[in-house]
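At position 79 of the sequence shown (counting the first as 1) the number is 119 in the numbering used here, and the numbers step up by one without a gap. The beta carbon of each residue, even a glycine, is placed where N, CA and C say it ideally should be. Structure first, commentary second.
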Amino acid sequence: MHAPPGAGGAGTAPGAGDAVPGAGDAVPGAGDVEAVFRAEYGRAVSVLVRFLGDIDLAEEAVQDAFATALEKWPRTGVPPSPAGWIITTARNRAVDRLRRESSRDTRHAEAARLYGPGSPAYAVAGTPAGAVAGPDPGQDEEGPVRDDRLRLIFTCCHPALAPRSRVALTLRLLGGLTTAQIARAFLVPEPTLAQRIVRAKAKIRAAGIPYRVPRDADLPDRLGGVLAVVYLIFNEGCAGAPELCAEALRLGRLLSELMPDEPEVTGLLALMLLVESRRPAREGGGGELVPLPAQDRARWDRDMVAEGQELVRRCLRRNRPGPYQIQAAIHAVHSDAPTAEATDWGQILRLYDHLMALAPSPVVALNRAVAVAETEGPGPALDLVDGLELDGYHVFHAVRADLLRRLGRTGEALRAYEAALALSPSPAERTYLSRELAGLRP
C-alpha cells in the first residue's frame, strides 16, 4: 500500500478550519448544505475577504450564511444558485454587522464599498434595495491573477508569514477543511495547527499586510506556498472528497496558464492528472480501496494519463527538476506499465533517490521503502520503515503490515493492520484494511 501522493510530502505544511455548522446533523437538507459547503466555501470566503479586508469577519459571515441555509433550505428547498445565495447572504450579514458596529460617518462608506457594482456579490444578486452605489473596489487591483480563489491563495502566501503559517491559513480559508483533516495531512496535533492559524491572522493584523492582488514580480516568491496549498487540497480530495480534487485541478490549470514557464507548476498539474486518472479504478464494488497493484488498468482515464505524461515529457525537456516534477515522473512510470508486474521499479527507486536528495521527508522515505520492497525484498524495506518516526500516520502502519505479512510474521502484521485501521480517516481505506485484517486472522 503506497502512501497517498504527497501526504506530508515534499517538505510543505498547512493549517486548520471548522466544518459547516451542523453539517453532520440528521436534518433533511443537511447533506445539500454540506455539499455546497465543500464546493463553494472557498469561493465565498475569497469574495468576502477581497472586499471586507478582514479574514475573521469574512469567515464569520460565510459561516452565518451556511447556518442560515441549514435552517431555511429544508423548508424552502435548495435555491437555483446555491453559491450565489451563500455569497449574497454572507455579504448582507457582514453589512448588517458593520452597520451595527460602525459609526454613522463610516457605515455608508462601508456599504458603498461592499455593494459596489463591480463586486462579485453584486453580480450574483443585482443591486440590493437601499444599497449605496460605489466604485468597483477591485478595478485597480485586478493584476495578473483574475480568479478569486487563486487570488486569495497568492495573497495569503505573503513572504512576511512563516511558510507553514501561509499554507495553514490558506487551507483554512479555501479548503473548508476541519482542523483534524489538515492536522492529519501534516502529521501534527490539532492544537498546533490551530495556533498556526491564530498566529498567521495576528501577524497579518499587526504587520498591516494588505489584501491586494500580487503583481507579476511578487508571484515567483509566493509560488512554493501556493503549490503546496493546491496539492494538499488535492490530497484531501483523494481521501474521499472528489470535488476537492476537481477544484485543485482547476486551480492547477489556472496556475499553468498564469506561469507557463515554471516547471514545478507543470509538474504539479501532471502529478494531479496522473493520480486522478486512476480514480475510476481506486474503489471496489464494496466501497473498499483498491490498491494500485490490484487496479483494473483498463478503467484508468486514458485522456488524463496522456495529458499527464505529455506534461512530464515537457518537464524533462526543460531539465530543471523539482519535487513535484519528480513525483509526477514516478506516477508516469506507473502509468506506462500495462500490468503491475511490468512496472519498472528500478526506475521508480532511482526517482525516489533523487526526490530524497531534493526534498527529504519521512513520507518520501516511506514511499521509497515501498520501491525497495519491490527491488530488494520486504526484509530490507522493513528495516527502512522501522527507522521512520511516523507512528501517528495510518499509511506507515499499513505499509509495515504488508511487509510483515509478506515476511510471514502474521502476529505482528495483525497488530500493524489494527493500528492502521484505528488511524485511517477514509471509509474506503478502512474497508480495505478490515478485509486485509480478516484475511490474516485464524
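(request) Compute the distance between the beta-carbons of Leu294 and Asp187, then report whether it is under 7 Å. (result) yes
(message) Nearest by alpha-carbon distance to Ala240: which of Phe274, Pro199, Leu227 and Ala268 is it?
(response) Pro199
(request) Just the C-alpha distance for Pro168 and Gly124, rounded to the nearest angstrom, thanks. (result) Note that Pro168 has pLDDT 36, beneath the 50 cutoff, so the model's placement of it is unreliable and the number below is only indicative. For Pro168 and Gly124, the distance between alpha carbons rounds to 13 Å.
(message) I need the boundaries of the alpha helix (DSSP H) containing Pro122, first residue and last residue.
(response) For Pro122, the enclosing alpha helix (DSSP H) stretches over residues Pro122 to Glu141.
(message) So, for Leu533: in the same chain, excluding its five sequence neighbours on each side, which residues have a beta-carbon less than 8 Å away from its beta-carbon?
(response) With the chain covering only 41 through 482, there is no way to say anything about residue 533.
(message) Can you check which of these residues, Arg191, Trp340 and Arg470, is closest to Leu298 by C-alpha distance?
(response) Arg191
(message) Spatial neighbours of Gln335 within its chain, please: C-beta separation below 6 Å, excluding the five flanking residues on both sides.
(response) Excluding residues within five positions, the ones whose Cβ falls inside 6 Å are Ala321.
(message) I need the straight-line Cα distance from Ala281 to Val315, nearest angstrom please.
(response) 14 Å
(request) Starting from the Cα of His394, find the closest Cα among Arg408, Thr383, Pro402 and Ala382 and give me that residue. (result) Arg408
(request) With DSSP as the reference, please indicate the residues paired to Glu323 in a beta bridge. (result) Leu329
(message) For Pro300, count the other beta carbons within 10 Å of its own beta carbon; 16 or more makes it buried, fewer makes it exposed. Which is it?
(response) exposed
(request) Taking Ala453 and Leu444 to be in contact with their CB atoms under 8 Å, please state how far apart those CB atoms are, rounded to whole angstroms. (result) 4 Å
(request) Can you tell me which of the three DSSP states Leu289 falls into? (result) helix
(message) Tell me the DSSP secondary structure of Gly265 in three-state form.
(response) helix
(message) Would you say the beta carbon of His198 is closer than 6 Å to some non-hydrogen atom of the ligand FMN?
(response) For the ligand FMN, the structure offers nothing, since it holds no ligand at all.
(message) I need the straight-line Cα distance from Leu473 to Tyr81, nearest angstrom please.
(response) Whole-angstrom Cα-Cα distance: 32 Å.
(message) Please tell me whether Leu389 and Ala405 are closer than 7 Å, where the distance is taken between their beta carbons.
(response) For Leu389 and Ala405, no; Cβs fall outside 7 Å.
(request) Would you mind sorting Gly326 into buried or exposed? The rule is 16 or more other CB atoms within 10 Å of its CB. (result) exposed
(request) Write down the C-beta distance between Leu461 and Gly432 rounded to the nearest angstrom, noting that I regard them as a contact closer than 8 Å. (result) Contact between Leu461 and Gly432 does not hold, since their C-beta atoms are separated by about 14 Å, which reaches or exceeds 8 Å.
(request) Please report how far the alpha carbon of Glu302 lies from the alpha carbon of Leu311, in whole angstroms. (result) 15 Å
(request) Could you check if Thr195 is buried or exposed, using at least 16 other CB atoms within 10 Å of its CB as the buried criterion? (result) buried
(request) Please classify Pro44: is it buried, with 16 or more other beta-carbons within 10 angstroms of its beta-carbon, or exposed? (result) Confidence at Pro44 is low in this model, with a pLDDT of 42, below 50, so its placement is unreliable and no value can be given for it.
(request) Measure the Cβ-Cβ separation of Ala130 and Ala101 and say whether it is below 7 Å. (result) yes
(message) On the DSSP letters alone, give me the boundaries of the alpha helix (DSSP H) that Met299 sits inside.
(response) Counting along the chain, Met299 falls outside any alpha helix (DSSP H), and DSSP gives it neither H nor E.
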